Structures are given as C-alpha cells and as structure tokens.
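Student: Numbering (my numbering), first residue to last: 16 to 372.
After the structure tokens below, expect a handful of questions from me.
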Ligand SMILES: Cc1ncc(COP(=O)(O)O)c(C=O)c1O
C-alpha cells in the first residue's frame, strides 16, 4: 500500500546497456516514477515529470525555448516566476510581455510572429483573477503558440487545464500537492509526446530532480488532496463572505463571491473556488498591525498546507517585483493574502475579526 523509498543512486546492469529501466538516480528512480505516474493521473495527462521545486520545473520547461522567442504572461504571476523571466531568462535572449490575460482582446493583440508560449496562472497570485483558459488556448493555438498553465493555486482536483485546451501544466508541488509545509517540489504535465521527450532530455541534462524521500512525502500528501482542498475551499468561501462585511476591509478578492466579475468563468472551469483569499485594508501600517495580531493564522510565506497562513505580498512573496509594476497590476501596500487551512472556520473568522478590530 505504500511506495518504498528507493535511495539507490545507481542500479546494477545485466549487461552493458542492458538494465531493468534504471541506470542512474538523476535519470530515473522508482519512487520518482511512482510519483510521476500518480501526478499524471491527477491531471489526466499522459506524461508527468517531477522536479526539485516549482521553479526547477519552470526553468526546465523554459529551456526548451530559443533566443529570440517571445513569451506572453499573465501579469500578476507568482513573484518568483516574474523574477525567473525578468532577471534570468531575459539574459539568454528570451523576450517577455506581461498582460492582463482576462481581456481576450489584449491577448490577441499581444501575440506576435515570434510568440511561442502563453504563460497563465489561474486563479492568479495574489489577486485571484481568473483567466478563461479555454478561450485563451483557442487564440494561442490559432496563432501557433502553446499554452502553459501554472495550476498550483487551483490544484488538479479543482481544475484540469489540459482538458481546457492547455498544452502544459506546471505545479509548485510544495503547496497543495504536498499539503503539509514539509517538502519542496515541482511537476510538469503534458499530453504531447514530443514535448515529453524534450522535457525528459532536459530534466536529465539540467538535473533539478527531487530526492526519493521528497517524492515519497509528495505521494503521501496527495492521498488527502481532495479532502483538504474541499475543506479549504469551503472555509475560504465562508471566510471571504465574512470579510466583505468587515468595516476595516476595503475590498475582498475571491473568485467565489457573487460580486466577483469573474465568478462565471471560475464556475465554468473550476469544481470549487479554492483556498486562497486576498483582501485590502487602508495602508501598509494597518496591514502589518493586522498580520501581527493574528493568533491562529501564522505570518508566513507559502500556501496550500493544512494550517492557515497570512502574508503581505508587497513585502514578502512579491517583493521581487518592482514597486511600479506591482502597483500597476494592483498589488498594493494594504493587501493581505490568506492561505486558508482546514481548521474550524468559526475560529478562523474570529481570529481575523479580532486582528482587524
Ligand atoms: C503559483 C506558484 N508557482 C510557482 C511557485 C514556485 O514554486 P517553488 O517554491 O516550489 O519553487 C510558487 C511558489 O510560491 C507559486 O506560488
């Protein structure tokens, strides 16, 4: 019932070049294979490749592009993804344009003859905007570009981008897939056999592979993914609703709220609305005071685990995005992001209310 942790870094061969599927630990490992099969099944994908982190997965995928290629990305992507694009990959001749991909006219206009990829997150981090994956994929494909969706926030339980027309899915498995704040990991899923062959080559050539123990932890975490995400989504819905009537709160961002203009798209492509909620208070000082007063929510980066976390995107997860760019995309100094856990929702609401009072 439990996949063993195969620690071997090398495997005895039956003859030169004759082996039972494994030669060397970077190239392949039985525990990693089991994780890849499991994660492929979750995204209903033919292929999955596991990585040492979400960013390790993202970097490996982007190395399939060539200098001069153009990438269009949804503007409020995770700060580390922006940093990878802006500070690392630009130096290798890739070009990037950040857009509001919720506007399909903007998507259409941003694609050039050199655009190879559209990079989406939905819901986005930290403003939880929802991109119509099906509609964007149709536009991208008609112009010869592929679509990659970072499905970390939604999880494969709530949303399966490959069914919605995307070509590739990436995950920070560190978040909901692991689910217990104790393992860093990443994954790429695709149905495209040629892409899988190229990715497999690059996974081995670049080497950002997860340890067998990390693969085992992810396999254990995933067993309760559906239970956790259902509870987190229920809790988040109640909590977001409660925040809308709090006088200190200026605005609540949650795709499940009736007042959210993207609720319809979210309901079309997601099973539930997820465990992430963001909200705005007057200014940075109010945000800091609120965060410091919380007792059940821990003030910490990351998300997706069983325990509730709160953070300040402008100074924490999104600090690597220049202030002007951040403000333009709506990540202000009064913004607080919550990762809602599986605790009793009445306790969570009471905790936020006392911190905001
Ligand atoms: C949406 C999203 N994508 C990618 C990443 C990067 O993943 P990792 O931290 O596992 O490298 C993160 C990390 O916070 C994230 O939130």
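From the three backbone atoms N, C-alpha and C, an ideal C-beta is built for every residue, glycine too.
Remember, predicted model here, so these are calculated numbers, not experimental data.
DSSP state of residue 93, grouped into three classes?
Tutor: Reduced to three states, the DSSP call for residue 93 is coil.
Student: With distances taken Cα to Cα, identify the nearest neighbour of residue 354 among 192, 278, 247.
Tutor: Here the closest residue by C-alpha is 247.
Student: May I ask whether a heavy atom of ligand 1 can be found less than 6 Å away from the beta carbon of residue 93?
Tutor: The answer is yes for residue 93.
Student: In the structure shown, what three-state DSSP assignment does residue 191 receive?
Tutor: Three-state result, residue 191: coil.
Student: Between the beta-carbon of residue 183 and the beta-carbon of residue 167, is there less than 7 Å?
Tutor: Going by C-beta atoms, residue 183 is not nearer than 7 Å to residue 167.
Student: Please classify residue 102 as buried or exposed, where buried requires at least 16 neighbouring CB atoms within 10 angstroms.
Tutor: Per the 10 Å Cβ criterion, exposed.
Student: Hey, would you say the C-beta of residue 6 is under 6 Å away from at least one heavy atom of ligand 1?
Tutor: This structure does not reach residue 6, given that the chain is present from 16 up to 372, and the question cannot be answered.
Student: For residue 184, which three-state DSSP category applies?
Tutor: Here residue 184 sits in strand by DSSP.
Student: Is the distance from the Cβ of residue 86 to the Cβ of residue 132 below 7 Å?
Tutor: Yes, they are a contact pair.
Student: What residue ranges within the segment 96-152 form continuous beta strand (DSSP E) runs of no fewer than 3 residues, ordered along the chain?
Tutor: Correct list: 110-114, 130-136.
Student: Sorry if obvious, but does the Cβ on residue 68 come closer than 6 Å to a heavy atom of ligand 1?
Tutor: At least one heavy atom of ligand 1 is nearer than 6 Å to the Cβ of residue 68, so yes.
Student: Would you give the residue range spanned by the alpha helix (DSSP H) that residue 162 belongs to?
Tutor: That residue, residue 162, is in no alpha helix (DSSP H); its beta strand (DSSP E) goes 161-165.
Student: So the candidates are 315, 284, 192, 321; which of them puts its Cα closest to the Cα of residue 175?
Tutor: The shortest C-alpha separation from residue 175 is found at 284.
Student: Do residue 226 and ligand 1 come close, with the Cβ less than 6 Å from some heavy atom?
Tutor: For ligand 1, not one heavy atom lies less than 6 Å from the Cβ of residue 226.
Student: What residue from 250, 208, 315 has the CA that sits closest to residue 60's CA?
Tutor: Residue 208 is the option with its Cα nearest to residue 60.
Student: If you compare alpha carbons, which of 218, 270, 213 is closest to residue 201?
Tutor: That would be 218, whose Cα lies nearest to the Cα of residue 201.
Student: Among all the DSSP beta bridges, which residues are the ones paired with residue 66?
Tutor: Per DSSP, 201.
Student: Below 8 Å on the Cβ atoms is my guess for residue 98 versus residue 117; work out the distance and round it to an integer in Å.
Tutor: Residue 98 to residue 117, Cβ: 23 Å. No contact.
Student: On the CB-based measure, 16 or more other CB atoms within 10 Å of its CB, does residue 13 come out buried or exposed?
Tutor: Since the first and last residues shown for the chain are 16 and 372, residue 13 lies out of range.
Student: Which value, in whole angstroms, describes the spacing of the CA atoms of residue 106 and residue 42?
Tutor: About 28 Å.
Student: When burial is assigned at 16 or more other CB atoms within 10 Å of the CB, is residue 310 buried or exposed?
Tutor: By the neighbour-count rule (16 or more Cβ atoms within 10 Å), residue 310 is not buried but exposed.
Student: Expressed to the nearest angstrom, what Euclidean distance is found between the alpha-carbon atoms of residue 368 and residue 286?
Tutor: Answer to the nearest angstrom: the Cα atoms are 29 Å apart.
Student: Excluding sequence positions up to five away, which residues of its chain have a Cβ less than 7 Å from the Cβ of residue 225?
Tutor: Hits under 7 Å: 47, 65, 66, 67, 200.
Student: How long is the line joining the alpha carbons of residue 156 and residue 129, rounded to whole angstroms?
Tutor: Distance between the alpha carbons of residue 156 and residue 129: 13 Å.
Student: Thinking C-beta only, is residue 325 closer than 7 Å to residue 292?
Tutor: It is not a contact, given that the beta carbons lie outside the stated cut-off.
Student: Under 6 Å Cβ to Cβ from residue 152, same chain only, skipping five residues before and after it: list those, please.
Tutor: Same-chain partners within the cutoff: 162, 180, 181.
Student: Got a sec: does ligand 1 put a non-hydrogen atom nearer than 6 Å to the Cβ of residue 194?
Tutor: Residue 194: no, Cβ never under 6 Å from ligand 1.
Student: Mind pulling the beta strand (DSSP E) runs of 3 or more residues that sit fully within the segment 34-68?
Tutor: Whole beta strand (DSSP E) segments, 3+ residues: 62-66.
Student: Would the C-beta of residue 187 count as close to ligand 1, meaning under 6 Å from any of its heavy atoms?
Tutor: Because some heavy atom of ligand 1 lies under 6 Å away, the Cβ of residue 187 counts as near it: yes.
Student: Residue range of the alpha helix (DSSP H) that residue 248 falls in?
Tutor: Note, residue 248: alpha helix (DSSP H), 240-259.
Student: Looking at the structure shown, is residue 318 part of a helix, part of a strand, or coil, going by DSSP?
Tutor: Reduced to three states, the DSSP call for residue 318 is coil.
Student: Can you tell me where the beta strand (DSSP E) holding residue 268 begins and where it ends?
Tutor: That run of the beta strand (DSSP E) goes 266-268.
Student: Using the three-state DSSP reduction, which class does residue 354 fall into: helix, strand or coil?
Tutor: In this structure, residue 354 counts as strand in the three-state DSSP scheme.
Student: Within the segment 264-310, note down every full alpha helix (DSSP H) run reaching 4 residues or more, in order along the chain.
Tutor: Fully enclosed alpha helix (DSSP H) runs of 4 or longer: 278-284, 299-308.
Student: Sorry if obvious, but does the Cβ on residue 319 come closer than 6 Å to a heavy atom of ligand 1?
Tutor: Result no, Cβ not under 6 Å from ligand 1.
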